[in-house]
Every structure is written in structure tokens, then in C-alpha cells.
Amino acid sequence: EVQLVESGGAVVQPGGSLRISCAASGFSFDDYMMHWVRQRPGKGLEWVSLINWDGGYKVYADSVRGRFTISRDNGRNSLYLQMNSLTTADTAVYFCGRRRGGKNFLDYWGQGTLVTVSP
Amino acid sequence: QSALTQPASVSGSPGQSITISCTGSSSDIGAYDHVSWYQHFPGKAPKLIIYDVNYWPSGISNHFSGSKSGNTASLTISGLRAEDEADYYCSSYAGSDTYVFGTGTKVTVL
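Residue numbers (this note's numbering), protein chains in the order written: chain L, 24 to 142; chain S, 1170 to 1279.
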């Protein structure tokens, strides 16, 4: 069974940093590209970032480029999002998702982890 | 990367059909046949219900169906059921390995 479990969400002050994680199981992690998607309180989903199989190719939304870094550790079956220079606008539930091979959709998602940026 | 526009809410009685629209632009929905739809119960993992405009993932009921015309995609739920009450999000590929999601629609079963 495919499982994605996010962790690491916390309350952080504006200007601070945080790294969140996504633990994958039930599939061959290094065969899949992975996404981060977020949902601000009361808002819709927002695509954040994509990483390829070996971590050598990364894409970011304009809203986070230069502040967030996506990475992965295939030996640990884990996906990460390093978030720097956080603002209140980054307060959201962050979901990781698996990209179906060669396709443009997310076929499995985690339940999310809450990041709150507050003074 | 502007969000796709969806109605905030749609409601219907059990057994009825409802349609949720998703309006984008010529840079996303209008440019690619890569529209997907997700069902989300708050606090749970979103679930893929339609991909590439009108394809069903394995295990998804065909009472969900999708379509696209120009810059607008649509999700139709036929034979509405109580368990369909959830939030629904559209998404489109937007080129250069970027994606855009919709504003979300809350479906209420009366």
C-alpha cells in the first residue's frame, strides 16, 4: 500500500526557517518524481515544488523560489522541503504527493503537516 | 501562475447530477489536456478522481466524469450520493513542469 506521511510542521516566527519531511513507503521511491503542495487556511490548494528521481532537477512556484529548497534522500525514502525567510503568507498545511511516472497529476498524497508562521 | 477559478459551492439532492466548472487560461487548461480533479475531505489526504481531462484512476467510480472546452474544464458527479460531500479541486499542467490548482468547490448533498 502506498503511504506518504508528512512531519515536521511547527510554529515558526516570521523570518525563521523550518524543514518538513515526507516519509514514503509501499512503492519504489526512487522511481517517482515528487511534489509539494500547500493549502493556506480557508484557501485552495497551491502547487509549491517538484523534484525528479535523483534530485538533480527541481522546479518551484514563483511564490517560494529562492526561499524554499526541495530535496530527497532515496536511501531513506524521504522527501524534504527546507523553508527559509518564512512569512505569515507561508502559513499552510503542506502536502507531499507522488507524480505518476511521465504523467502530469499526483496519484497519491499524504495527509499534510501544518506550518504556522506567527510572531 | 494564477489559480484556476471554481465556484465556491455547489449543492444537489441525492440522485441528482451536478457540475463543477474550472476556468483557467490559454496557458494552462487551454494549452494542455492535463486536467485532473481531486476529492478532499478536510484533514485527510486528497484523492485523485479524474486525470487527463476524462480518465478514471483504478478503483474510482464512473459516476465522476470530466470534460474540457477551451479554457474551462468541468467535473460532473452523476447520481449524487451522501458520501460525495467533500471539497473538490481541479488542477492543470501549466508548462515547464509547473502546475496550477483551482480555488476549490465545496459540494453539499442536501
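Backbone N, C-alpha and C define an ideal beta-carbon position, used for all residues, glycine too. This one's a predicted model, so the numbers in the text were calculated from it and none came from an experiment.
Assigned secondary structure, residue i (DSSP; H/G/I helix, E/B strand, else coil)
i	result
E69/L	strand
D1256/S	strand
A1200/S	coil
A1242/S	strand
Cα-Cα separation, residue i to residue j
i	j	result
C1259/S	V1269/S	9 Å
S1171/S	G98/L	36 Å
S1182/S	S1190/S	18 Å
S1265/S	G49/L	29 Å
A33/L	V87/L	18 Å
C-beta contact flag for residue i and residue j at 8 Å
i	j	result
D1197/S	K1237/S	no
E29/L	Y131/L	no
T1188/S	T1245/S	yes
V71/L	F91/L	yes
T1267/S	V82/L	yes
L129/L	G135/L	no
L109/L	S40/L	yes
Which residues DSSP lists as bridging residue i, in chain order
i	result
L1217/S	Y1207/S
A47/L	L27/L
V1222/S	Per DSSP, none; premise fails for V1222/S.
T1174/S	T1192/S
T1299/S	Outside the shown range of chain S (1170 to 1279) lies residue 1299/S, about which nothing can therefore be said.
F1270/S	S1260/S
R1250/S	Partner(s): none; R1250/S has no beta bridge.
Contact test: residue i Cβ vs the ligand MN heavy atom, cutoff 7 Å
i	result
Y1207/S	Absence of the ligand MN from the depicted structure is noted, as is the absence of any ligand whatsoever, leaving it without description.
>> If we require 4 or more residues per run, which alpha helix (DSSP H) segments fall completely within the stretch 59-133 of chain L?
In response: Runs of the alpha helix (DSSP H) lying entirely within the stretch 59-133 of chain L, each at least 4 residues long, are absent.
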